[in-house]
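Before any comments, here is the structure.
Number of protein chains: 4
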Amino acid sequence: MSTDQHLDVPGLQQRLREFAAARDWGQYHTPKNLVAALSVEASELLEIFQWLTPEQAAAVMEEPARAHRVEDEVADVLAYLLQFCSVLGVDPLAALAAKIERNEHRFPAGATPPLDGV
Amino acid sequence: MSTDQHLDVPGLQQRLREFAAARDWGQYHTPKNLVAALSVEASELLEIFQWLTPEQAAAVMEEPARAHRVEDEVADVLAYLLQFCSVLGVDPLAALAAKIERNEHRFPAGATPPLDGV
Amino acid sequence: MSTDQHLDVPGLQQRLREFAAARDWGQYHTPKNLVAALSVEASELLEIFQWLTPEQAAAVMEEPARAHRVEDEVADVLAYLLQFCSVLGVDPLAALAAKIERNEHRFPAGATPPLDGV
Amino acid sequence: MSTDQHLDVPGLQQRLREFAAARDWGQYHTPKNLVAALSVEASELLEIFQWLTPEQAAAVMEEPARAHRVEDEVADVLAYLLQFCSVLGVDPLAALAAKIERNEHRFPAGATPPLDGV
Numbered sequence: 001m002s003t004d005q006h007l008d009v010p011g012l013q014q015r016l017r018e019f020a021a022a023r024d025w026g027q028y029h030t031p032k033n034l035v036a037a038l039s040v041e042a043s044e045l046l047e048i049f050q051w052l053t054p055e056q057a058a059a060v061m062e063e064p065a066r067a068h069r070v071e072d073e074v075a076d077v078l079a080y081l082l083q084f085c086s087v088l089g090v091d092p093l094a095a096l097a098a099k100i101e102r103n104e105h106r107f108p109a110g111a112t113p114p115l116d117g118v
Numbered sequence: 001m002s003t004d005q006h007l008d009v010p011g012l013q014q015r016l017r018e019f020a021a022a023r024d025w026g027q028y029h030t031p032k033n034l035v036a037a038l039s040v041e042a043s044e045l046l047e048i049f050q051w052l053t054p055e056q057a058a059a060v061m062e063e064p065a066r067a068h069r070v071e072d073e074v075a076d077v078l079a080y081l082l083q084f085c086s087v088l089g090v091d092p093l094a095a096l097a098a099k100i101e102r103n104e105h106r107f108p109a110g111a112t113p114p115l116d117g118v
Numbered sequence: 001m002s003t004d005q006h007l008d009v010p011g012l013q014q015r016l017r018e019f020a021a022a023r024d025w026g027q028y029h030t031p032k033n034l035v036a037a038l039s040v041e042a043s044e045l046l047e048i049f050q051w052l053t054p055e056q057a058a059a060v061m062e063e064p065a066r067a068h069r070v071e072d073e074v075a076d077v078l079a080y081l082l083q084f085c086s087v088l089g090v091d092p093l094a095a096l097a098a099k100i101e102r103n104e105h106r107f108p109a110g111a112t113p114p115l116d117g118v
Numbered sequence: 001m002s003t004d005q006h007l008d009v010p011g012l013q014q015r016l017r018e019f020a021a022a023r024d025w026g027q028y029h030t031p032k033n034l035v036a037a038l039s040v041e042a043s044e045l046l047e048i049f050q051w052l053t054p055e056q057a058a059a060v061m062e063e064p065a066r067a068h069r070v071e072d073e074v075a076d077v078l079a080y081l082l083q084f085c086s087v088l089g090v091d092p093l094a095a096l097a098a099k100i101e102r103n104e105h106r107f108p109a110g111a112t113p114p115l116d117g118v
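If you read the sequences in order, they're chains A, B, C and D.
Here the first sequence is numbered in UniProt numbering, starting from 1 and rising by one per residue.
Here the second sequence is numbered in UniProt numbering, starting from 1 and rising by one per residue.
Here the third sequence is numbered in UniProt numbering, starting from 1 and rising by one per residue.
Here the fourth sequence is numbered in UniProt numbering, starting from 1 and rising by one per residue.
If you want it as structure tokens, here you go:
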């Protein structure tokens, strides 16, 4: 079921497509709905950390129940990101590789981080 | 620079680590900060769609400037997700494969979708 | 308990301060934690709508359980917004009044909406 | 224009309705779009804080440009929350007052905070 061939991005996208098709969920998987679900899942991951000090946050994987919750929400974020990309025909790995190359020019090594968010 | 070996998740995680290290940004990349940044970037992707009808949203990649913006925000979401996973030692692909298997039991084929969000 | 004097923004801010102080929660109510909680609660409100069609979304208050959930999440969003403003000394009503006036100049009547999000 | 009568929640909701009507933006102000916009604006507020230490976050209003940005994003969050409530007929102040009363029973004074987010 979870052989190595499934543990790459295209394999997981294929499994997600089959999962949704078998349940007739494709009708709900519009780009707008999927991106809303992605942002909701990212917030559920943030929720785990919202009241923690930086030190508590760094130790979050040491407590098994909380570690499982982190992995579960990471899976949800990635699932909706990959389904969003499938529906719109975006290659997420190529998009990230291209962005890293742009950022290597935009933020030369040694620069201060963009604290105000860019 | 962007050879095939980089176009998988571990390769991209390695490039992101090198990128941050070369700029001394590791100090900012705490789990709590990275998950906040992840949720902010997911919302920036949602922002592109917030006023669009479902039909306009489905056609978003047909307009080059907007398509580029979608790819750029997908890259940002994936970048922060992968960096968050690197810092906490989470394997995102294994987490998603495990989640799909759990969901195959939780939502048998033919069930109605969980409209209230689970 | 809920006399009219409490049904304005300063009265509710006072009640929220007393509520947190009685539980010694002030230590968690840093600006950074409160703004994270605000964004998490806004996403929980979004979650109610994420799979709904525009028509289903417009009728969401007709179903009592869902209507209650909407009101509950609206309360959470407002609670964290008001607590965030209390901690930083921001007057939210004055900030909104000033923003409306700026927007009356920025978007003259008759202009098309800023579809790409501004 | 900004007389005292506008500096309460119903007055601001009225001004927001007039503002949208004069620009024919009501067509975009569906509940689903408004709640998406609310969550996007909450994330823009979070973005200001995402790389800051707790100490830097607490001092954010001391720097005028950043203070203005905080007030501007607070206004946006409140604007979309109030417009969402107007469209669905929710009274946000009554919802918050009712929630505080429920929470006074749910979290008796002296209890520990719900660190995992409830």
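Note that beta-carbon positions come from the ideal geometry of N, C-alpha and C, so glycine has one too.
{"Query": "For D:Asp8, three-class secondary structure by DSSP", "Result": "coil"}
{"Query": "Reduced DSSP category for A:Arg15 - H, G, I as helix; E, B as strand; rest coil", "Result": "helix"}
{"Query": "DSSP state of C:Phe84 mapped onto helix, strand, coil", "Result": "helix"}
{"Query": "Buried versus exposed call for D:Glu41 [16 or more other C-beta atoms within 10 Å across all chains shown]", "Result": "buried"}
{"Query": "Within 7 Å of chain A by C-beta, residues of the stretch 24 to 52 of chain C in sequence order", "Result": "Tyr28, Asn33, Ala36, Ala37, Ser39, Val40, Ser43, Leu46, Glu47, Gln50 and Trp51"}
{"Query": "Check whether B:Val9 and B:Leu88 have beta carbons under 9 Å apart", "Result": "no"}
{"Query": "Rounded separation between D:Pro64 and D:Ala57 - CA only", "Result": "14 Å"}
{"Query": "Pair within 9 Å by beta-carbon distance, B:Asp91 and A:Ala95", "Result": "no"}
{"Query": "Span separating the alpha-carbon of A:His29 from that of D:Leu12", "Result": "36 Å"}
{"Query": "Cα-Cα separation, D:Phe19 to B:Val35", "Result": "36 Å"}
{"Query": "A:Gly89 in three-state terms, based on DSSP", "Result": "coil"}
{"Query": "Straight-line Cα distance separating A:Ile48 from A:Asn103", "Result": "30 Å"}
{"Query": "Presumed contact (8 Å Cβ cut-off) between residue 128 of chain A and B:Leu38, rounded CB distance", "Result": "In the structure displayed, chain A extends from 1 to 118; residue 128 of chain A sits before or after that span and is not available."}
{"Query": "Minimum Cβ-Cβ distance from C:Arg15 to chain D less than 9 Å", "Result": "yes"}
{"Query": "Per-residue contacts from A:Ala98 into chain B (C-beta, under 9 Å)", "Result": "Ser2, Glu71, Asp72 and Ala75"}
{"Query": "Option in C:Trp51, C:Asn33, C:Gln50 and C:Val60 with minimal Cα separation from D:Ser43", "Result": "C:Asn33"}
{"Query": "Length of the line joining the Cα atoms of D:Tyr80 and C:Ala97", "Result": "13 Å"}
{"Query": "Closer than 9 Å to chain B by CB, C:Pro54", "Result": "yes"}
{"Query": "N-terminal and C-terminal residue of the alpha helix (DSSP H) that A:Leu52 is part of", "Result": "No alpha helix (DSSP H) holds A:Leu52; DSSP gives it neither H nor E."}
{"Query": "Cβ-Cβ separation, C:Cys85 to D:Val74 (assumed contact under 8 Å), whole Å", "Result": "6 Å"}
{"Query": "Within-9 Å CB hit, D:Ala58 to chain E", "Result": "Of the protein chains in this structure, namely A, B, C and D, none is chain E."}
{"Query": "Residue from B:Arg15, B:Thr53, B:Gly26 and B:Ala21 with nearest C-alpha to A:Pro31", "Result": "B:Thr53"}
{"Query": "Pairwise C-alpha distance: D:Arg69 and C:Leu78", "Result": "19 Å"}
{"Query": "is_contact[D:Pro92, chain C] using C-beta, thresh 9 Å", "Result": "yes"}
{"Query": "CB contact flag (A:Ala109, B:Arg15, <9 Å)", "Result": "no"}
{"Query": "Nearest to A:Trp51 (by Cα), restricted to the options C:Gln50, C:Trp25 and C:Ala67", "Result": "C:Trp25"}
{"Query": "D:Ala109, DSSP secondary structure in three states", "Result": "coil"}
{"Query": "For A:Glu63, the three-state DSSP class (helix, strand or coil)", "Result": "coil"}
{"Query": "Sub-9 Å separation of B:Leu93 and A:Leu7 beta-carbons", "Result": "yes"}
{"Query": "Partners in chain A for B:Glu104, counting only beta-carbon separations shorter than 8 Å", "Result": "Phe19"}
{"Query": "Helix, strand or coil at A:Asp24 according to DSSP, with G and I counted as helix", "Result": "coil"}
{"Query": "Secondary structure of B:His68, DSSP reduced to three states", "Result": "helix"}
{"Query": "Cross-chain neighbours of B:Ala109 in chain A, by beta carbon under 8 Å", "Result": "Ala22 and Arg23"}
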